[in-house]
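In this note's numbering, the protein residues as written are 12 to 245.
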Ligand code: FPP
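As structure tokens, this is what we get:
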């Protein structure tokens, strides 16, 4: 497609790692490891294509229910990728962690907080990484913070508007979410950016996340570009 409309912000649900590994007779964590390498490549593809922001669903509030060795495997992958995430931060990329990382091991938490802090004014691109994230937990957190502001007398309930709620979301520095891409054949949001996706386009594909390529991304953008977004209008 010539001159497609490029989404400013894409959300990626990195699904299908387990099935990808199973098809090869390998442990699920092998799939997550391949998935993490695709995560890194996807950031570069987004930058090359002119996207401004990409948010990745890496660990949900529900993922703690997985077997202990799988959770440990994902945490170790994160440990391994912290250096790469820091390198992105050194390339003028702002890194935003969405979710409650207080539950993570201290070494990971300290590194991620530092990366967020040191990259916060970077303007080249925004990478969001959702870790121990759930859309409902995010909205509950925003509601709590708003209640606290009310109790402190900083605001009154009548001041609570959609714009104000957005200020209390992890995404408050990001452009609106234009497109959500979910590979692996599942067609649901799974508690990912539920507020932000209110008017997003969705592209689902059968490819498993470890097989996701730049061509898949280009195809999803072309599909997005051909959609007629009316935002409730006519
Ligand atoms: C979903 O696939 C994937 C996850 C729950 C984990 C995704 C995590 C990574 C790709 C690693 C993240 C690492 C970094 C560095 C950000 P699934 O396991 O549900 O696949 P299945 O549906 O085939 O079982």
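Ideal Cβ placement from N, Cα and C applies to all residues, glycine included.
On the criterion of 16 or more Cβ atoms from any shown chain inside 10 Å, does residue i qualify as buried, or is it exposed?
i: residue 182; result: buried
i: residue 70; result: buried
i: residue 42; result: buried
i: residue 35; result: exposed
i: residue 62; result: buried
i: residue 149; result: buried
i: residue 37; result: exposed
i: residue 151; result: exposed
i: residue 186; result: exposed
By alpha-carbon positions, which one of the options ends up nearest to residue i?
i: residue 210; options: 235, 45, 13 and 219; result: 235
i: residue 240; options: 223, 203, 196 and 189; result: 189
i: residue 214; options: 38, 173 and 229; result: 229
i: residue 28; options: 223, 97 and 238; result: 223
i: residue 144; options: 161, 203 and 138; result: 203
i: residue 107; options: 87, 166 and 131; result: 131
i: residue 60; options: 136, 128 and 177; result: 136
i: residue 192; options: 91, 232, 176 and 161; result: 232
i: residue 122; options: 149, 147, 102 and 92; result: 92
i: residue 78; options: 129, 39, 124 and 156; result: 39
i: residue 21; options: 46, 64 and 156; result: 64
i: residue 58; options: 163, 162, 178 and 99; result: 99
Consult DSSP for residue i and reduce its assignment to one of helix, strand or coil.
i: residue 71; result: strand
i: residue 55; result: helix
i: residue 93; result: helix
i: residue 200; result: coil
i: residue 160; result: helix
i: residue 166; result: coil
i: residue 143; result: strand
i: residue 151; result: helix
i: residue 84; result: helix
i: residue 235; result: helix
i: residue 17; result: coil
i: residue 223; result: coil
Beta-carbon separation of residue i and residue j under 7 Å?
i: residue 133; j: residue 104; result: yes
i: residue 56; j: residue 221; result: no
i: residue 205; j: residue 243; result: no
i: residue 109; j: residue 141; result: yes
Does the CB of residue i have a neighbour CB from chain B at under 7 Å?
i: residue 173; result: Of the chains in the structure shown, none is chain B; there is only one protein chain.
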